[in-house]
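Protein chains in written order, with the working numbering: chain A, 298 to 520; chain B, 534 to 729.
Structure first, commentary second.
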């Protein structure tokens, strides 16, 4: 019973409470840039989730064999190898997505969330729990990035780009928005603005919840 | 590209933070105070210049001749980790002042997407060794510029009344967004007019 509770806890904490983008900001580094198209955000999320799960699995299996002195180096080597594998697979099987992600596909290797989970969770927990933790974090990361991408693409371009399936080119055009879109939201400035406003929304929600429970409100800031 | 072109491109037109959105985590964490922003920015200038040069050497003298360029992420990351370790040792040996001003920011650069980013950008752009060094240096200067300006803005914002949910990270991001909009002025047309 208790083990089941901790497993679901491991999974759910990545979705909201420790969301890698909105709460801990760890997934932000080389990911926010690809949030200009929904398809790129979904692809980036999937790629990061795969590397994250494989890294957590390997690190938790190898935790007794890696000496403390070279731990960072060993983790970096594991993550770089796995992200190289994912890069080669993406290049071979999803070339369009790989071209869209460009430099950022290679930068998955330095995504802070992967290094953080390897260092703070997989290093101390069993392989099963580490994989579940990585799955939760991966889903939370993908959902948050897709939310940002959805706002940026709908308002900034009037479209929603998904993946082409059998004859359909994969692009939904929102009527009425395409004629006069807010172009700046599709640029890098838009990524900062949309993230800033969404983060403020999350903070407001958390503060309302905290005051409802009678807990003291901090200054609305974590991290 | 000319050296002046490289400098203007990577400090202003293609600023790593504001245009490529790299190094955001260290960027939001050090810009609470001006001195830490300047410290990280200076460390970034040194590490980026050396990283761009070293990765050029390894890429063109080892990876390319052997035909193993698919290993570039792994080798580049290991080079950067080693480089940062060596720089940390040097600052520890040399003097207390250098260590206290730069030493505490070096560990943040071990696994930093901006450092790996400029190394990959320089390799992808097919620069010569000196052009890579210049690109790394100017990207570092661009990072220093943006962190110092941002830290000044945030120190000023501390004195203003800000709605509670916006305090801290959100207002920093909205300000960065406005700054990024201002940086849109430095585009290729600007570059072409300036250089004739």
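Don't be surprised by glycine CBs; every beta carbon is placed ideally from N, CA and C.
Residue i, DSSP secondary structure in three states
i	result
residue 535 (chain B)	coil
residue 470 (chain A)	strand
residue 451 (chain A)	helix
residue 456 (chain A)	strand
residue 428 (chain A)	helix
residue 462 (chain A)	strand
residue 716 (chain B)	helix
residue 435 (chain A)	helix
residue 553 (chain B)	coil
residue 725 (chain B)	helix
residue 314 (chain A)	coil
Spatial neighbours of residue i in its chain, beta-carbon cut-off 7 Å, leaving aside the 5 residues before and after
i	result
residue 649 (chain B)	609, 610 and 613
residue 492 (chain A)	329 and 445
residue 679 (chain B)	548, 550 and 551
residue 602 (chain B)	596
residue 636 (chain B)	621, 624 and 625
residue 380 (chain A)	348, 405 and 406
residue 555 (chain B)	549, 646, 647 and 650
residue 412 (chain A)	372 and 376
Contact with chain A by residue i, beta-carbon distance below 8 Å
i	result
residue 654 (chain B)	yes
residue 556 (chain B)	yes
residue 709 (chain B)	yes
residue 722 (chain B)	no
residue 576 (chain B)	no
residue 570 (chain B)	no
residue 597 (chain B)	no
residue 487 (chain B)	Nothing about residue 487 (chain B) can be reported from this structure: the residues present for chain B run from 534 to 729 only.
residue 702 (chain B)	yes
residue 551 (chain B)	yes
residue 630 (chain B)	no
Residue range of the unbroken alpha helix (DSSP H) whose run includes residue i
i	result
residue 591 (chain B)	567-591
residue 695 (chain B)	No alpha helix (DSSP H) contains residue 695 (chain B), which DSSP labels as neither H nor E.
residue 632 (chain B)	From DSSP, residue 632 (chain B) is part of no alpha helix (DSSP H); its letter is neither H nor E.
residue 660 (chain B)	Looking at the DSSP string, residue 660 (chain B) is not in any alpha helix (DSSP H), and its letter there is neither H nor E.
residue 699 (chain B)	It is not in any alpha helix (DSSP H) - residue 699 (chain B) carries neither H nor E in the DSSP assignment.
residue 341 (chain A)	335-359
residue 521 (chain A)	Outside the shown range of chain A, which is 298 to 520, sits residue 521 (chain A), and nothing can be said about it.
residue 559 (chain B)	557-563
residue 387 (chain A)	368-390
residue 400 (chain A)	400-403
Residues near residue i by beta carbon distance below 6 Å, same chain, minus five either side
i	result
residue 499 (chain A)	319
residue 481 (chain A)	487
residue 711 (chain B)	none
residue 359 (chain A)	none
residue 430 (chain A)	307 and 418
residue 484 (chain A)	none
residue 722 (chain B)	none
Cutoff 8 Å; reference residue i; Cβ partners in own chain excluding five residues on either side
i	result
residue 495 (chain A)	319, 444, 445 and 448
residue 522 (chain B)	Chain B is shown from 534 up to 729; residue 522 (chain B) falls before or after that span and cannot be answered.
residue 604 (chain B)	596
residue 278 (chain A)	Outside the shown range of chain A (298 to 520) lies residue 278 (chain A), about which nothing can therefore be said.
residue 422 (chain A)	357 and 430
N- and C-terminal bounds of the beta strand (DSSP E) containing residue i
i	result
residue 412 (chain A)	From DSSP, residue 412 (chain A) is part of no beta strand (DSSP E) but of the alpha helix (DSSP H) over 409-414.
Cβ of residue i within 8 Å of any chain B Cβ
i	result
residue 518 (chain A)	In this predicted model, residue 518 (chain A) has a pLDDT of only 46, less than 50, meaning its place in the structure is not dependable; the value taken from the coordinates is given anyway. True, the Cβ-Cβ gap to chain B drops below 8 Å.
residue 485 (chain A)	yes
residue 327 (chain A)	yes
residue 346 (chain A)	no
residue 362 (chain A)	no
residue 493 (chain A)	yes
residue 512 (chain A)	Low confidence applies to residue 512 (chain A): its pLDDT is 46, below 50, so where it sits in the model is not reliable enough to give any reading.
residue 337 (chain A)	no
residue 373 (chain A)	yes
residue 394 (chain A)	no
residue 353 (chain A)	no
residue 501 (chain A)	yes
residue 330 (chain A)	yes
residue 504 (chain A)	yes
residue 366 (chain A)	no
- Between the stretch 641-673 of chain B and chain A, which residues of the former have CB atoms less than 9 Å from a CB of the latter, in chain order? For the stretch 641-673 of chain B, the residues whose beta carbon sits under 9 Å from a beta carbon of chain A are, in order, 643, 644, 645, 646, 647, 648, 649, 650, 653, 654 and 657.
- Taking a Cβ distance cut-off of 7 Å, strictly less, list which residues of the stretch 408-422 of chain A are near chain B, in chain order. Going along the stretch 408-422 of chain A in chain order, one finds 409 and 412 with a Cβ nearer than 7 Å to chain B.
- Listed in chain order, which residues of the stretch 375-386 of chain A have Cβ atoms closer than 9 Å to some Cβ of chain B? Listed in sequence order: 376, 377, 378, 380, 381, 384 and 385.
- Query: Which residues, taken in chain order from the stretch 465-482 of chain A, show a beta carbon closer than 7 Å to some beta carbon of chain B?
  - Reply: Taking a C-beta cut-off of 7 Å against chain B, the contacting residues of the stretch 465-482 of chain A are 481, listed in chain order.
- Message: Against chain A, which members of the stretch 682-698 of chain B pass a CB distance test of less than 7 Å?
- Response: Listed by position, the residues of the stretch 682-698 of chain B near chain A (Cβ gap below 7 Å) are 697 and 698.
- Message: Tell me which residues of the stretch 426-450 of chain A have at least one Cβ-Cβ distance to chain B shorter than 7 Å, keeping chain order.
- Response: Going along the stretch 426-450 of chain A in chain order, one finds no residue with a Cβ nearer than 7 Å to chain B.
- Where the stretch 579-606 of chain B meets chain A: residues whose CB sits under 9 Å from a CB there: Cβ contacts with chain A come from 603, 604, 605 and 606.
- Item | Contact list for the stretch 611-628 of chain B against chain A, Cβ threshold 8 Å | Under the 8 Å Cβ criterion, the stretch 611-628 of chain B contributes 611 and 614.
- Members of the stretch 450-462 of chain A near chain B, C-beta cut-off 7 Å: Result list empty, no residue passes.
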